[in-house]
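Working notes, structure below.
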Amino acid sequence: MAASGRTPRLAVWKFASCDGCQLTLLDCEDELLGIAAAVEIAYFPEATRGTIRGHYDLSLVEGSITTPHDAERIHEVRRRSTHLVTIGACATAGGIQGLRNFADVAEYISVVYARPDYIETLATSTPIAAHVPVDFELRGCPIAKSQLVEVITAFLAGRRPVTPAHSVCIECKLKGNVCVMVAHGTPCLGPVTHAGCGALCPSYHRGCYGCYGPMETPNPAPLSQALTELGMGKRDLQRIYRTFNANAPAFREESERHDA
Amino acid sequence: MPEQQSLTPNGLQALLDALQARGYRIIGPTLRDQAVVYDDVQSLTDLPVGWTDVQEAGHYRLARRDDDALFGYAVGPHSWKHYLHTPVQRLWHAKHERDDIIVTTEPPEAPRLALFGVRSCELHAIAIQDRVLLGGHYRDVHYAARRQDNFIVAVNCAVAGGTCFCASMHTGPKAVAGYDLALTEIIDEGEHRFLIEAGTPEGVEVLSELPARQASNEDIALADAILASTAESMGREMQADDVRELLLAHLEHPRWDDVATRCLTCGNCTLVCPTCFCTSEEDSSDLTGTEMARSRRWDSCFTMDFSYLHGGSVRASHRARYRQWMTHKLATWHDQFDTSGCVGCGRCITWCPVGIDITEEVKAIRETSQEAGS
Ligand code: SF4
Ligand code: SF4
Ligand code: SF4
Ligand code: SF4
Numbered sequence: 000m001a002a003s004g005r006t007p008r009l010a011v012w013k014f015a016s017c018d019g020c021q022l023t024l025l026d027c028e029d030e031l032l033g034i035a036a037a038v039e040i041a042y043f044p045e046a047t048r049g050t051i052r053g054h055y056d057l058s059l060v061e062g063s064i065t066t067p068h069d070a071e072r073i074h075e076v077r078r079r080s081t082h083l084v085t086i087g088a089c090a091t092a093g094g095i096q097g098l099r100n101f102a103d104v105a106e107y108i109s110v111v112y113a114r115p116d117y118i119e120t121l122a123t124s125t126p127i128a129a130h131v132p133v134d135f136e137l138r139g140c141p142i143a144k145s146q147l148v149e150v151i152t153a154f155l156a157g158r159r160p161v162t163p164a165h166s167v168c169i170e171c172k173l174k175g176n177v178c179v180m181v182a183h184g185t186p187c188l189g190p191v192t193h194a195g196c197g198a199l200c201p202s203y204h205r206g207c208y209g210c211y212g213p214m215e216t217p218n219p220a221p222l223s224q225a226l227t228e229l230g231m232g233k234r235d236l237q238r239i240y241r242t243f244n245a246n247a248p249a250f251r252e253e254s255e256r257h258d259a
Numbered sequence: 000m001p002e003q004q005s006l007t008p009n010g011l012q013a014l015l016d017a018l019q020a021r022g023y024r025i026i027g028p029t030l031r032d033q034a035v036v037y038d039d040v041q042s043l044t045d046l047p048v049g050w051t052d053v054q055e056a057g058h059y060r061l062a063r064r065d066d067d068a069l070f071g072y073a074v075g076p077h078s079w080k081h082y083l084h085t086p087v088q089r090l091w092h093a094k095h096e097r098d099d100i101i102v103t104t105e106p107p108e109a110p111r112l113a114l115f116g117v118r119s120c121e122l123h124a125i126a127i128q129d130r131v132l133l134g135g136h137y138r139d140v141h142y143a144a145r146r147q148d149n150f151i152v153a154v155n156c157a158v159a160g161g162t163c164f165c166a167s168m169h170t171g172p173k174a175v176a177g178y179d180l181a182l183t184e185i186i187d188e189g190e191h192r193f194l195i196e197a198g199t200p201e202g203v204e205v206l207s208e209l210p211a212r213q214a215s216n217e218d219i220a221l222a223d224a225i226l227a228s229t230a231e232s233m234g235r236e237m238q239a240d241d242v243r244e245l246l247l248a249h250l251e252h253p254r255w256d257d258v259a260t261r262c263l264t265c266g267n268c269t270l271v272c273p274t275c276f277c278t279s280e281e282d283s284s285d286l287t288g289t290e291m292a293r294s295r296r297w298d299s300c301f302t303m304d305f306s307y308l309h310g311g312s313v314r315a316s317h318r319a320r321y322r323q324w325m326t327h328k329l330a331t332w333h334d335q336f337d338t339s340g341c342v343g344c345g346r347c348i349t350w351c352p353v354g355i356d357i358t359e360e361v362k363a364i365r366e367t368s369q370e371a372g373s
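Protein sequences appear in the order of chains A and B.
Heads up: the first sequence runs through residues 0 to 259, numbered per numbering that gives the first Met the number 0.
Heads up: the second sequence runs through residues 0 to 373, numbered per numbering that gives the first Met the number 0.
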């Protein structure tokens with residue numbers, strides 16, 4: 000919380016990412032005026048050009064660390080922030096670009112770029128928490144608008160945000176959905192995935208893709224066994240855990256168990 | 000012994016009409032997303048006419064029957080707690096106005112609910128939730144309001160589901176108490192009819208308005224035979240009489256480690272269970288900090304927050320959480336509420352994504368209880 004009497008200053012920072020999570024803030028149409036009234040949006044490259052130097056009460060950080068420059072810059076962000084909250088799969092797990100962690104970066108740079116020597120990048124994509132202490136992580140790819148508003152509101156009220164870390168199944172059952180896995184035989188990562196989306200995919204008869212990353216106590220091995228019984232092969236299993244949260248430990252280890 | 004009468008399908012529609020005329024909102028089985036779920040029902044055609052279900056551990060499929068039975072399936076993923084002990088309930092909200100904080104408690108909602116097609120295990124489950132939520136010193140006003148003035152039409156089960164074990168738990172398949180009217184569906188030589196009997200004065204009154212006639216002795220015998228065959232064809236069984244003692248004597252049995260490797264701690268079993276009642280409270284506030292609200296939602300002993308005390312969760316391991324669930328249902332519920340917490344409906348078996356089967360877990364502990372020592 001900011002010292003009383005002063006409007007708290009909010010900054011949004013971008014690292015390696017697609018901007019989707021920052022856009023979620025702009026997408027908060029109904030709440031945006033309220034947010035703008037409650038905090039001074041002091042640094043937000045997606046919405047404004049003016050940058051304000053100084054100290055921020057709340058920094059929202061999007062994106063993962065993929066370059067030596069960013070590995071430096073995140074320390075500067077941390078120094079300037081009282082509270083640092085990471086938003087989205089890139090910032091909390093390394094993102095889809097975390098796929099590089101399973102490959103030889105030097106090799107594909109040499110294949111993709113005409114002048115590989117212009118490219119300065121790290122061998123891995125890592126979450127912000129691997130570099131600096133993080134006060135709170137908000138999951139999702141992209142994050143849910145309602146959860147972002149909840150995090151900012153909770154920060155302003157000085158309370159813990161209500162963003163439960165249990166399975167997507169719990170949200171699915173609260174909604175009264177029919178389980179797509181049990182009733183339709185559709186593979187679903189809901190049982191090992193962190194809640195927050197409101198069981199979006201199962202509500203449309205699709206299996207969960209795990210875009211919120213692992214839930215609080217994931218146990219993917221028996222789920223993979225059940226997915227095998229539904230017809231998924233080794234390669235399918237390796238790939239299903241290797242998407243937006245490929246580098247999250249529980250998903251990474253499970254995908255590696257299914258390496259050919 | 001109350002008198003049994005006989006109704007045609009048209010007569011059963013007259014029952015729905017009579018309930019509607021009395022101002023009830025009728026909830027009953029309907030088809031949605033390839034399953035039987037509880038939702039609003041106005042006409043018999045809203046029911047899963049001619050459908051049945053195939054249930055196994057972690058598996059549920061609808062299948063066609065070769066007749067037009069209205070109740071030819073077992074219980075689905077929903078239970079009546081969706082309507083009586085709702086998934087989310089706002090409790091109160093507060094507003095900061097000048098120097099005052101005005102707190103407004105949420106008034107309990109009392110919809111006039113008619114529950115249509117309630118199975119025997121479910122009557123027992125409702126009675127258990129009544130005891131838990133209304134029986135003690137602290138009554139749940141929201142549950143009480145939703146429960147009051149219910150009109151319950153029970154259905155005796157003519158088929159047992161693949162994961163049912165009410166016969167073991169002495170909770171079915173025949174409804175014996177807790178209903179206003181009870182039906183048994185008979186389809187014999189192409190003739191479709193329902194035996195119906197009243198269990199309360201209001202049931203008698205409604206029944207007197209229906210085009211029913213006295214049931215024949217043949218039909219009464221037929222209904223008894225149907226129920227006997229349902230009891231014989233339970234998909235599962237559990238030796239339940241000493242299960243409390245068995246589990247409490249084996250809290251360190253290696254089977255708990257075994258099930259911990261298989262359990263996802265996803266919580267599905269608790270949320271589909273018709274007797275599980277646990278909730279968590281959640282606060283919300285607005286951006287300006289002038290309004291806030293507290294609500295409660297279903298929770299599960301499989302979540303970490305559920306047993307979170309200062310410094311961490313008391314039941315952090317998968318083993319501790321599965322053991323909590325199963326020993327609560329089958330053992331400590333007796334100490335707490337003087338009844339079992341399990342009515343043998345089989346939902347937790349069917350709707351577990353990896354098919355963990357409470358009857359198998361009990362059996363495994365029973366069979367190895369000698370070796371493991373007690
Ligand atoms: S559909 Fe997926 S998320 Fe929903 S209960 Fe089933 S396994 Fe869980
Ligand atoms: S424990 Fe399982 S079988 Fe028993 S009442 Fe609950 S859901 Fe039904
Ligand atoms: S088994 Fe778990 S969720 Fe169900 S009533 Fe007991 S503690 Fe609550
Ligand atoms: S027993 Fe099954 S449904 Fe229950 S928490 Fe474990 S995996 Fe989920």
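Virtual Cβ for every residue (Gly too), placed ideally from N, Cα, C.
Going down the chain, each residue whose beta-carbon is closer than 7 Å to a heavy atom of ligand 1 shows up: A:S166, A:V167, A:C168, A:C171, A:K172, A:N176, A:C178, A:V179, A:M180, A:V181, A:C187, A:G189, A:P190, A:A198, A:P201, A:G206, A:C207, B:C265, B:N267 and B:P352.
Cα atoms of E119 (chain A) and A113 (chain A): separation of roughly 14 Å, rounded to the nearest angstrom.
With its beta carbon less than 7 Å from one in chain B, H165 (chain A) belongs to the interface. By the Cβ rule, the region 2-14 of chain B counts as touching the region 35-54 of chain B, because three or more pairs are nearer than 8 Å. Note: Y37 (chain B) is bridge-paired with B:P28 in the DSSP secondary-structure output.
The C-alpha of A220 (chain A) is placed about 24 Å away from the C-alpha of Q96 (chain A).
Per DSSP, the continuous beta strand (DSSP E) segment holding M291 (chain B) begins and ends at E290 to W297. In summary, the residues of the region 253-266 of chain B whose CB is separated from some CB of chain A by less than 9 Å are A259, T260, R261, C262, L263, T264, C265 and G266, in the order they occur in the chain. V60 (chain A) has a beta carbon lying at 7 Å or more from every beta carbon in chain B. Per DSSP, reduced to three states, the secondary structure at Q224 (chain A) is helical. Taking each of B:I364, B:S279 and B:R24 in turn and checking the Cα distance to V161 (chain A), the smallest one comes out for B:S279. Across the structure, G171 (chain B) and D304 (chain B) are spaced so that their CA atoms are roughly 35 Å apart.
Taking 7 Å as the cut-off, the Cβ atoms of Y37 (chain B) and H95 (chain B) do not count as close. Distance from the CA of T287 (chain B) to the CA of F154 (chain A), rounded to the nearest whole angstrom, comes to 11 Å. If you draw a straight line from the Cα of S124 (chain A) to the Cα of H333 (chain B), it is about 53 Å long. The DSSP-derived three-state label of R256 (chain A) is helix. Against chain B, the CB of I169 (chain A) has a partner CB under 7 Å away; the residue lies at that interface.
A residue is called buried when at least 16 other Cβ atoms come within 10 angstroms of its Cβ; H309 (chain B) does not meet this threshold and is exposed. Segment contact: the region 158-171 of chain B against the region 224-239 of chain B, three or more CB-CB distances shorter than 8 Å; contact assigned. Interface residue (Cβ-Cβ distance to chain B less than 7 Å): L25 (chain A) is not classified as such. Taking 7 Å as the CB threshold, T216 (chain A) lines the interface with chain B. Taking the Cβ atoms as the reference, P273 (chain B) lies roughly 7 Å from W79 (chain B), within the contact range of under 8 Å.
Under the Cβ criterion of 7 Å, C210 (chain A) is not counted among the residues facing chain B.
When C-alpha distances from G197 (chain A) are compared across A:L147, A:A182 and A:A143, the shortest belongs to A:A143. For the options B:S284, B:L112, B:Q128 and B:A315, the alpha carbon positioned closest to that of Y23 (chain B) is the one of B:L112.
With a cutoff of 6 Å, G345 (chain B) counts as near ligand 2, since its C-beta is closer than that to a heavy atom of the ligand.
A Cβ of chain B is located within less than 7 Å of the beta carbon of L222 (chain A). For the region 276-344 of chain B, the continuous alpha helix (DSSP H) assignments of 4+ residues that do not extend past its boundaries occur at 317-326 and 332-336, in sequence order. If you check the CB distance, D218 (chain B) and L182 (chain B) do not come in under 7 Å. By the Cβ neighbour-count rule, L46 (chain B) is buried, with 16 or more other Cβ atoms within 10 Å of its own.
No heavy atom of ligand 3 is found nearer than 6 Å to the CB of W79 (chain B). Contact residues of the region 81-93 of chain B toward chain A are H81, P86 and V87 (C-beta to C-beta distance below 8 Å). Between the region 123-131 of chain B and the region 330-344 of chain B, the count of Cβ pairs shorter than 8 Å is three or higher; the stretches touch.
For I364 (chain B), the enclosing alpha helix (DSSP H) has its first and last residue at I357 to E366.
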